[in-house]
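> Structure incoming, see below.
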Amino acid sequence: MGQRTSKRSGADQEVLPHVRFSASEEGPPRYSPHRFDQFDTSGQQQDVAHLELPPTIVVSDLDGRASELRDSRQELRRSSIYSTMDLVPQLDLYANSLQGRQSRSRPSLEALRRAFDDAESGNHTDESGVSSLAVIDGGNEESPGPQVEKAPVRFGWVTGVMMRCMLNIWGVILFLRLSWITSQAGILLTWLIILMSVLVTSVTALSVSAIATNGRVVSGGAYFMISRTLGPEMGGPIGVVFSFANALACALNTVGFAETVRDLLQEFDVVMVDKTNDVRIVGVITVTLLLLISLAGMEWEAKTQIVFFLVLMVSFANYFVGTVIPASPEKQAMGIFSYRSEIFISNLLPDSRASEGNFFQMFAIFFPSAIGILSGANISGDLKDPATAIPKGTLMAIFWTTLSYLAVSATVGSCVVRDASGRLSDSLTGNFTEGCVGVGCSLGWNFTQCIESQSCGFGLANNLKVLGQVSGFYYLITAGVFAASLSSALAFLVSAPKVFQCLCRDNIYPYIGFFAKGYGKNDEPLRAYLLCYFIALAFILIAELNTIAALISNFFLCSYALINFSCFHASITNSPGWRPSFHYYSKWTALFGAVISVVLMFLLTWWAALITFCIIFFLLGYVAYNKPQVNWGTSVQAGTYNMALSYSVSLSGVEDHVKNFRPQCLVLTGPPNQRPALVDFVGSFTKHISLMICGDILMEQDRQTRPQNATDCLVKWLNKRKVRSFYTPFAGDSLRVGARHLLQASGLGKLKPNTLVLGFKTNWRESSLESLEDYISTIYDTFDSNYCLCILRMMDGLDISDQFDCEVNQGFEPDDPVENEDHHSSERGSADGLSDSIPNEQIKTVFQDDQGKKTIDLYWIADDGGLTLLVPYLLTRRKRWRQSKVRVFIVGDQHNMEEGRKEMISLLKRFRLDFHDVIVMTDSEKLPLTKNLNRFEDIVTPFRLKDEQQDGVSAQELRQRSPGKISDKELEAFRLKSERKVRLNEIIRRNSQNAALILVSLPVPQSDCPSALYMAWLETLTCGLHCPTVLIRGNQQNVLTFYCQ
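So in my numbering, the last one in the sequence shown is 1060, and the numbering has no gaps at all.
Following this line, the structure appears as structure tokens:
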């Protein structure tokens, strides 16, 4: 007892690490990545038992991953001053506390409580097979020897995040569209467009920083952040859409590069096939080369990005140098001058000429340049410290790129006029400016002719290559365009597989697990690389991506909206687990970012926004329908808890009203999987309506053999059966004690049970008197507590545990003699038949069948407040019972039968129950048949007191001496009531042979009624019925009303 065999193989147990104990206080603690899995318990503890300080354990065997930390520093794992087994706080105790697996380093409470007993007995091993001084690393299960393996490549915040984000933000729009936007919107509105885009991206970056610093972020980027915050329902769709958007963005940037190459070749009169096919050829070659770089590994990809970054830096320097170089006459003819105040003032205000020249269309053209802020977060698995790198690198990238965009728009607007002819002959001689139009007149050039004819081929408004013409060397700007487009394409080609790999590993969607496999030291998703490559290749061959570009922007904006909403939702729920180390964020700015992102989706391209939301909702519906078995501790769970807590507290201040009465049921099921019919019956009228609690009263023998995961298994069984119920195990010495405590303690506020549901004790005649008295006393306690009561009886009984060869909870079934205790215990060792015998097995019951047009027969013998009518009404609201007709049987006499029937129909009509079939039983007071009376006598005979036991003894003394037994006086006193029970059973069997369900008013036991006699009444009322029978009784308080207030 108290020990469990270790799961490790014998070979592992032979190799024990060397453990040395030291009580020295000199020197600071030293830590190393060493681990140990087994310990020598041969008596080393006794050597240090007399030390005043707890021993320090130094472990010398190597972890398989120790190659990353070759300094071989020793780790000191100190015990607490309270106990040699109790450990002081350490990082590795928390490092592997993942879902479904608790860190094995920390001893359990049971082990700590038993540590003294083990020490006294010389047994230093707890139930987990761990030495009382052992500290087991929570890492991998196996402990291989030292391995020489090259460490994976990890990046810092500069090369891993900032540089990638800057390269992605510096796209072709900077070189080929910013000057044109400046001419259309003017410098002031261009700055406003830039700052609006930066506002959205900055708010999103703050939200990303908060989420990234709230725990360790592994690979997966935006998908990982959203899914671990909002759950798989929102994370799964974004993972698919975001991965696909990155693949399309790779194709888009590749086509942009290919078009630039084509235009450059055309300048030299080089044409391979034609304009369209040249783009396809260059694009296919380019994306193939990018794929080879990606397949070579993150190290090569990072070096390539550094080269692109340097090229861009040279291009920027080339441009800014060109703005200060005095312009030659050729440049002036193209409208390019050095810094001139006249040009700056003329370009301040907008001059919209094209049909797409309004502000929001300009914004829509510019905003895609800002979508690269997640490039660093998307490779979070390849960062040294994502929590530090992502906030610092992303925000710094936004800062520097914003400065560059503002500087380029201001400088180009200060040096270049909007319109120029490019002809040297348009220069002015002397001061003659009469009839001259445009700012060029004050600069010595007359571009009036081309301005009035709108045939100018140069200037900000007419030439997209202004930056190259302004620069010191034209082709360095072309190199910058190449670097910007290729770096963005490469970043997207790397991001898409990384995100998709994380999505595949979560198994949210089917048929994509093939792409989850990683290769090499960096766990590269080679299969996902190929998938992204073929997607990009397919869209490159289309060679027309203008329409898809709008869809890409909406995909990214949708991701931004959900990231911001994730930050807001995690903050608003006040979850204790939301503790980001990045504090420079606000939940309200995050909400603003989410709202503005959605608004921009519709302002930019409304049809693309609709398509995006349709895709998101379709994927969300799929995940919500399948309900993946994952638990990531999301803010949705925290929000649900807050709402439930808030509503429960507010509901507790509301007085009960008869119109809001709901049968809130405490169902004594024992292990629910052993009584599925009882669970299904109650679930049929409580699902989505009222509270249902499955109570499981654990006796002493149950607690000893019950596995720790039994509760989780039974809850999963209920969820798989789609039963909306709580499961509450409760330790009790008997059924009565456990039920009494459950009646008092279960529930919360107004969400407390008001109805107890029991299964009929079928074997009551073979059970002991103590067990029978326990069952009947539970019924008595229910009425004494003013609870309603339902007792369900099935023809074949409720318990199905015999089918699975497992033992029944002794609180519900009689104590049968056990011949072989060892065999008996082995049968109980699987969580009441859960873990081994019936793992998640679902048995179909009659309550899961479609009842068709069968009847529900209701024998309303006594007015209990209306519960007897309410339960069948709730049943008929279910699809399986909807076609069933409810027949109401009432007691009456022959003379007033029709009046009684009309009166009952009128009452039912006022209750709006839609019950129209009322039958008056006029022969209920007739004597029952002799054979049925004899059968009742046979039932009670074993429980009658013998003559010699009754002589000279009072009834009170009889009940004390023989509880539950029936004396002759008691039998005679209750004879009339007994005969009426027998007669009622005859009527039920005659009228309800083909019923789907029978409900009979439960007689309330009098205090002087013997337990055996009352149980015989219940047996008599329900015997011989071939359909489920419910004995039901309200608490004599109205649960139905026909008033509106």
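Where is the CB? At the ideal position from N, CA and C, for every residue including glycine.
Can you look up Trp185 in the DSSP assignment and give me helix, strand or coil?
coil
> If we ignore side chains and look at the alpha-carbon of each, how far apart do Ser457 and Leu505 end up?
Straight across, the Cα-Cα distance linking Ser457 with Leu505 is about 47 Å.
> Which same chain residues, not among the five before or five after Val933, have their C-beta less than 6 Å away from its C-beta?
Val903, Arg916, Met919 and Ile920
> Since Thr743 is in the alpha helix (DSSP H), which residue starts that stretch and which ends it?
Premise fails: Thr743 lies in the beta strand (DSSP E), Phe741 to Ala746, not in any alpha helix (DSSP H).
> Give me the residue from Thr588, Thr409 and Phe529 with the minimum Cα distance to Asn657.
Thr588
> Can you name the start and end residues of the alpha helix (DSSP H) that Thr403 belongs to?
Pro401 to Cys430
> For Arg547 and Pro525, which I take to be in contact (beta-carbon distance under 8 Å), what is that distance rounded to the nearest angstrom?
Checking the displayed sequence, the identity of residue 547 turns out to be Cys instead of Arg. About 20 Å; that fails the 8 Å criterion.
> Once you ignore the five residues that flank Gly455 on each side, which residues in its own chain have a CB closer than 6 Å to its CB?
Cβ neighbours of Gly455 beyond the five flanking positions: Val432 and Phe462.
> Which residue or residues does DSSP assign as beta-bridge partners of Thr1044?
Within the DSSP secondary-structure output, Thr1044 pairs in a beta bridge with Arg808 and Ile1013.
> Kindly give me the distance between the Cβ atoms of Gly698 and Ser740, rounded to whole angstroms, as I take these residues to be in contact under 8 Å.
Contact flag correct, Cβ pair sits at about 7 Å.
> Indicate the three-state DSSP secondary structure (helix, strand or coil) for Lys642 in the structure shown.
In this structure, Lys642 counts as coil in the three-state DSSP scheme.
> Going along the chain, which residues of its own chain have a beta-carbon closer than 7 Å to the beta-carbon of Phe488, five neighbours each way excluded?
Asn333, listed in sequence order.
> Rounded to whole angstroms, what's the CA-CA distance from Phe583 to Ala609? Just pull it up for me.
9 Å
> Considering just the uninterrupted stretch of the alpha helix (DSSP H) at Leu5, what are its terminal residues?
Beyond the ends of the chain as shown, which are 16 and 1060, falls residue 5; an answer cannot be given.
> Spatial neighbours of Asn801 within its chain, please: CB distance less than 6 Å, with the 5 preceding and 5 following residues excluded, ordered by chain position.
Asn1050
> Alpha carbons only, please: which of Ala543, Leu884 and Trp779 is nearest the one belonging to Leu1033?
Nearest Cα to Leu1033 within the set Ala543, Leu884 and Trp779: Trp779.
> Quick check: Ala498 and Val223, are their CB atoms within less than 7 Å of each other?
Taking 7 Å as the Cβ cut-off, Ala498 and Val223 do not qualify as a contacting pair.
> With C-beta atoms as the reference, is Gln679 less than 7 Å away from Pro768?
yes
> Whose C-alpha, out of Ser1007, Phe951 and Ile1003, is nearest the C-alpha of Leu991?
Phe951
> When the distance is taken between beta carbons, is Lys399 closer than 7 Å to Arg179?
no
> Where does Lys894 fall in DSSP's three states?
helix
> Give me the Cα-Cα distance between His1041 and Ile527, rounded to the nearest whole angstrom.
51 Å
> Ordered along the chain, which non-local residues of its own chain (more than five positions away) have a Cβ less than 8 Å from that of Arg277?
Excluding residues within five positions, the ones whose Cβ falls inside 8 Å are Lys290, Asp293, Val294 and Val297.
> Cβ atoms of Leu634 and Val255: under 7 Å apart, would you say?
yes
> Could you give the DSSP three-state label for Phe473: helix, strand or coil?
strand
> Please report the Cβ distance between Gly474 and Asp366, rounded to the nearest whole angstrom; I am assuming they are in contact, meaning their Cβ atoms lie under 8 Å.
No, Gly474 and Asp366 are not in contact; Cβ-Cβ is about 11 Å, not under 8 Å.
> Give the DSSP-derived three-state secondary structure of Gly1049 in the structure shown.
Looking at Gly1049 - three-state DSSP - the assignment turns out to be coil, as it is neither helix nor strand.
> Ordered along the chain, which non-local residues of its own chain (more than five positions away) have a Cβ less than 6 Å from that of Arg959?
Ile981
> If we count the other Cβ atoms within 10 Å of its Cβ and call it buried at 16 or more, is Asn183 buried or exposed?
buried
> What does Glu994 pair with, by DSSP beta-bridge criteria?
Paired residue(s): none; Glu994 is not in a bridge.
> Got a sec? Which residues, its chain only, sit under 6 Å from Val218 by beta carbon, not counting five neighbours each side?
Thr604 and Gly608
> Identify whether Gly698 lies in helix, strand or coil by the three-state DSSP scheme.
It is helical.
> Using 8 Å as the threshold, is the segment 342 to 360 in touch with the segment 436 to 445, meaning 3 or more CB pairs across them?
Touching, yes.
> Since Ala565 and Thr620 should fall inside the 8 Å C-beta cutoff, what is the C-beta to C-beta distance between them, to a whole number of angstroms?
4 Å
> Do Phe381 and Ile208 come within 7 Å of each other at the CB atom, strictly closer than that value?
yes
> In chain order, what residues of the same chain have a beta carbon less than 6 Å from the beta carbon of Ser650, not counting five sequence neighbours either side?
Thr244, His584, Ala585 and Thr588
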